[in-house]
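Residue numbers (this note's numbering): -9 to 203.
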């Protein structure tokens, strides 16, 4: 079997399971921002209370995410015009590549904000799981900073749009890659479904983050 073919299949799977599922779970937790600091921190910290949390994150989130990101960046560099695609499908193809690069950059910034900055503030080092108990406080500080708050909000808006689109359209490409949607009618239905997922995830996440605005 061609190694490139195999890598693309693994790339497709890791984008949905487990990376996509973890993203949905991560976005779901943001709803608790509307419940206040105590409830939000309790919900977020409940995951990290497990002694297996660090291994779950390393094996099922960080490593698959690293693999998916590296191969995704390679595919973006190698991306070229796809003459077999219609205009809309071709636009989705390029948006998937561009959003992938954007999400990768956003993810680095998010890790800096959510992991490194809180750890340094508390005199610790970069951590793989929880960096502080007051996750809510760090978010409020970041969004409310008079000098950088506006930039932080703009970056999060772009990051949320990029991440939710990349996942939703990834479902579309996953179904075509694995032969779930082969006919034009089937591909159309999957495309509509994926766009609805994009709108639902984006709207719900912005509602959750509105608690900080």
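We treat Cβ as the ideally placed atom computed from N, Cα and C, and that holds for glycine. Treat the numbers as computed from the prediction; the structure is a model and nothing was measured.
For the alpha helix (DSSP H) that residue 88 lies in, which residues bound it at each end?
In the chain shown, the residue the question calls residue 88 occupies position 98. 77 to 101 is the extent of the alpha helix (DSSP H) around residue 88.
Nearest residue (CA-CA) to residue 177, options 193, 134, 191 and 160
Walking along the chain shown from the start, residue 177 turns up at place 187. Residue 177 has its Cα closest to that of 160, out of 193, 134, 191 and 160.
Specify, as a first and last residue, the run of the alpha helix (DSSP H) that residue 142 falls within.
Residue numbering aside, residue 142 sits at position 152 when the chain shown is read from its first letter. 139 to 167 is the span of the alpha helix (DSSP H), which, as asked, contains residue 142.
Tell me whether residue 219 is buried or exposed, calling it buried when 16 or more other Cβ atoms sit within 10 Å of its Cβ.
Only positions -9 to 203 of the chain appear in this structure, which leaves residue 219 out of reach.
Give me, in chain order, the residues of the same chain whose beta-carbon lies closer than 7 Å to that of residue 13; leave out the 5 immediate sequence neighbours on both sides.
For the purposes of this step, residue 13 is taken as residue 23 along the chain shown, with counting starting at 1. These residues qualify, in order along the chain: 153 and 157.
Go ahead and pull the three-state DSSP assignment for residue 65.
Taking the first residue of the chain shown as position 1, residue 65 is located at position 75. If DSSP states are grouped into helix, strand and coil, residue 65 belongs with the helices.
Among the candidates 10, 9, 21 and -4, whose CA atom is the shortest distance from the CA of residue 200?
By one-based count along the chain shown, residue 200 stands at place 210. Here the closest residue by C-alpha is 21.
C-alpha gap between residue 24 and residue 76, whole angstroms
Working through the chain shown from its first residue, we reach residue 24 at position 34. Working through the chain shown from its first residue, we reach residue 76 at position 86. One C-alpha to the other measures close to 43 Å.
How about residue 91 and residue 54: are their beta carbons less than 7 Å apart?
For the purposes of this step, residue 91 is taken as the residue at position 101 of the chain shown. For the purposes of this step, residue 54 is taken as the residue at position 64 of the chain shown. No, these two residues do not count as a Cβ contact at 7 Å.
For residue 34, which residues from the same chain have a beta carbon less than 7 Å from its beta carbon, with the 5 sequence-adjacent residues on both sides left out?
Working through the chain shown from its first residue, we reach residue 34 at position 44. Counting only Cβ-Cβ distances below 7 Å, and skipping sequence neighbours, we find 19 and 125.
What three-state label does DSSP hand residue 116 in the structure shown?
The residue given as residue 116 occupies position 126 in the chain shown. Interpretation of residue 116 is limited by its pLDDT of 49, a score under 50 that renders its predicted location unreliable; the figure taken from the coordinates is listed afterwards. Residue state, collapsed to three classes: coil.
From the DSSP output, in three-state form, read off residue 173 for me.
Against the chain shown, residue 173 aligns to sequence position 183. The answer is coil: DSSP assigns residue 173 none of H, G, I, E or B.
Residue 151 versus residue 134: straight-line alpha-carbon distance, rounded:
Taking the first residue of the chain shown as 1, we reach residue 151 at position 161. Taking the first residue of the chain shown as 1, we reach residue 134 at position 144. Whole-angstrom Cα-Cα distance: 21 Å.
First and last residue of the alpha helix (DSSP H) that includes residue 44?
The count along the chain shown starts at 1 and reaches residue 44 at position 54. That run of the alpha helix (DSSP H) goes 43 to 47.
Enumerate in chain order the residues of its own chain whose CB-to-CB distance from residue 241 is below 8 Å, with the five nearest sequence positions on each side excluded.
Residue 241 cannot be examined here, being either before or after the span of the chain that is shown, -9 to 203.
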